[in-house]
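Residue 1 is where the sequence shown starts when you use our numbering, and the numbers rise one by one after that.
Below is one structure, written out as structure tokens; the observations come after it.
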Amino acid sequence: MGQTLTKYVQSWIEPWIEYIVDIRMQQIMAKVKAEDISHWDTYEYEGVAMWPDVLPSTLDDLKTFEVRHDDVFIVTYPKAGTTWVQEIMSCVLHDGNIERISKRHTFKRVPFLEMTTGGAVHNDLPRVHKMISWMPRSSPRLIKSHLQAQLLPPQVWEKKVKLVYVIRNPKDVATSYFHHCQIMNPQRTLDWDEYFHRFHTGTVGFGKWWEHYLYFWERRNEDHILLLRFEDIKKDLRGTVQRISNFLGKSFSDDVIDDITDHCTFENMKKNPMTNPDTLLHKIFGEQEGRSFMRKGGVGDWKAHLSESQGKAIDDLCRDKLTSHGLTFN
Numbered sequence: 001m002g003q004t005l006t007k008y009v010q011s012w013i014e015p016w017i018e019y020i021v022d023i024r025m026q027q028i029m030a031k032v033k034a035e036d037i038s039h040w041d042t043y044e045y046e047g048v049a050m051w052p053d054v055l056p057s058t059l060d061d062l063k064t065f066e067v068r069h070d071d072v073f074i075v076t077y078p079k080a081g082t083t084w085v086q087e088i089m090s091c092v093l094h095d096g097n098i099e100r101i102s103k104r105h106t107f108k109r110v111p112f113l114e115m116t117t118g119g120a121v122h123n124d125l126p127r128v129h130k131m132i133s134w135m136p137r138s139s140p141r142l143i144k145s146h147l148q149a150q151l152l153p154p155q156v157w158e159k160k161v162k163l164v165y166v167i168r169n170p171k172d173v174a175t176s177y178f179h180h181c182q183i184m185n186p187q188r189t190l191d192w193d194e195y196f197h198r199f200h201t202g203t204v205g206f207g208k209w210w211e212h213y214l215y216f217w218e219r220r221n222e223d224h225i226l227l228l229r230f231e232d233i234k235k236d237l238r239g240t241v242q243r244i245s246n247f248l249g250k251s252f253s254d255d256v257i258d259d260i261t262d263h264c265t266f267e268n269m270k271k272n273p274m275t276n277p278d279t280l281l282h283k284i285f286g287e288q289e290g291r292s293f294m295r296k297g298g299v300g301d302w303k304a305h306l307s308e309s310q311g312k313a314i315d316d317l318c319r320d321k322l323t324s325h326g327l328t329f330n
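Okay, structure coming up:
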């Protein structure tokens with residue numbers, strides 16, 4: 001009787017919490033303007049470059065942030081495949097119930113731990129990490145972060161919660177990150193060469209990509225960490241869905257795996273208003289002709305952007321920082 005009553009209460013409370021969070025997010029979207037946001041300017045926090053909307057006060061708070069034992073994290077360097085993998089994980093954690101998750105945008109289902117969009121300008125906006133604490137305890141929280149490992153809440157490591165990390169060829173990351181900066185800074189004319197210098201020196205938001213990668217690469221064999229390569233996901237999406245399901249302790253029929261796989265193809269996610277971030281970003285930045293948050297989702301597009309010397313510079317950096325650790329890229 002007691003368990004039945006608890007489940008009933010939880011089933012009533014959870015939709016209300018989701019409704020309140022959605023209302024708060026709508027209030028943010030209505031208040032924040034394009035000029036309030038910058039994914040170009042940075043400041044330094046404990047030696048790591050950060051976007052202004054990753055507030056120092058938030059990063060301070062995360063040092064004592066309560067991580068629940070059943071929390072699940074998706075952590076990546078920006079533009080390494082975050083939106084793609086978080087949608088797979090969301091499907092898995094909802095037991096393949098595509099109809100249910102399609103009622104809420106992925107940005108609302110998977111909160112961005114450290115980000116308060118527009119928070120550097122509007123100090124009265126609700127902090128995402130505080131809203132996360134409202135989420136019901138009846139189901140695991142799926143939390144997204146771009147933070148370097150040492151800036152994640154310490155309890156992530158103390159409690160060894162499940163964490164999926166994605167790496168991608170840094171040349172493709174560089175290319176995708178530049179297009180992201182263009183979308184998030186439509187009021188500016190961005191220079192590729194200036195951007196590339198900042199990417200190469202680690203002074204773009206979230207710092208040095210090689211340090212970000214290396215920490216998780218070195219811990220890839222720990223039971224609570226699943227490390228994925230973007231290129232492998234591209235080659236075998238269904239196999240990736242299966243790996244993530246197994247990692248999260250889920251066992252599905254072939255039909256459910258097929259449904260999740262179909263839902264999470266890049267093409268289907270791009271045209272789905274509940275998975276493409278453009279649905280929400282257009283409310284702030286307006287539509288930008290020829291630009292989309294989900295641009296190509298391919299492998300090797302860097303060849304159309306990086307000069308020969310820029311490609312060599314990243315190759316040299318990989319050899320210097322990563323090769324001795326066994327991490328290489330084609």
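For each residue, glycine too, the CB sits at the ideal point set by N, CA and C.
Keep in mind it's a predicted model, so treat the numbers as computed, not measured.
Check: According to the neighbour-count rule (16 or more other Cβ atoms, all chains shown, within 10 Å of its Cβ), is N169 buried or exposed?; Outcome: buried
Check: As a quick exercise: from W40, R104, D36, D255, pick the residue whose alpha carbon is nearest that of N272.; Outcome: R104
Check: Hey, would you say L163 sits closer than 8 Å to F107, going by beta carbons?; Outcome: no
Check: Determine which residues share a DSSP beta bridge with F112 and list them.; Outcome: K144
Check: CA-CA distance, A80 and D172?; Outcome: 8 Å
Check: Which term fits A304, buried or exposed, when burial requires 16 or more other beta carbons within 10 angstroms of its beta carbon?; Outcome: exposed
Check: At which residue ranges does the stretch 135-210 contain complete beta strand (DSSP E) runs of 3 or more residues, listed in the order of the chain?; Outcome: 142-145, 162-167
Check: Does the separation of the CB atoms of F206 and P78 fall below 8 Å?; Outcome: yes
Check: Go through the stretch 214-245 residue by residue and report every complete run of the beta strand (DSSP E) that reaches 3 residues or more, in order.; Outcome: 225-229
Check: Any idea which residues DSSP pairs V75 with across the strands?; Outcome: S145, Y165
Check: To the nearest angstrom, how far is the alpha carbon of Q148 from that of H212?; Outcome: 5 Å
Check: By Cβ distance, which residues of its chain are closer than 6 Å to L327, with the 5 residues on each side in sequence left out?; Outcome: W217
Check: With E44 as the anchor, note down where its beta strand (DSSP E) starts and where it stops.; Outcome: 43-45
Check: Output the boundary residues of the beta strand (DSSP E) element that contains V48.; Outcome: 48-50
Check: Can you tell me whether P56 is buried or exposed, with buried defined as 16 or more other CB within 10 angstroms of its CB?; Outcome: exposed
Check: If you measure between the beta carbons of T82 and V204, is that distance less than 8 Å?; Outcome: no
Check: Would you kindly work out how many angstroms separate the C-alpha atoms of V67 and L248, rounded to a whole number?; Outcome: 17 Å
Check: Terminal residues of the continuous alpha helix (DSSP H) containing R100?; Outcome: 98-101
Check: I'd like the span of the alpha helix (DSSP H) that includes P56, first residue to last.; Outcome: 56-62
Check: If you run the structure through DSSP and keep just helix, strand and coil, what is M1?; Outcome: With a pLDDT of only 45 at M1, under the threshold of 50, the placement of this residue in the model should not be trusted, and no figure is reported.
Check: Are the CB atoms of H94 and L113 nearer to each other than 8 Å?; Outcome: no
Check: Under the assumption that M131 contacts P111 (Cβ atoms under 8 Å), give the Cβ distance between them as a whole number of angstroms.; Outcome: 7 Å
Check: For F199, which residues of its own chain have a beta-carbon under 7 Å away from its beta-carbon, when the five flanking residues on both sides are left out?; Outcome: A174, Y177
Check: Mapping DSSP to helix, strand and coil, what is N268?; Outcome: helix
Check: Is it buried or exposed for S38, if we count other Cβ within 10 angstroms and need 16 for buried?; Outcome: buried
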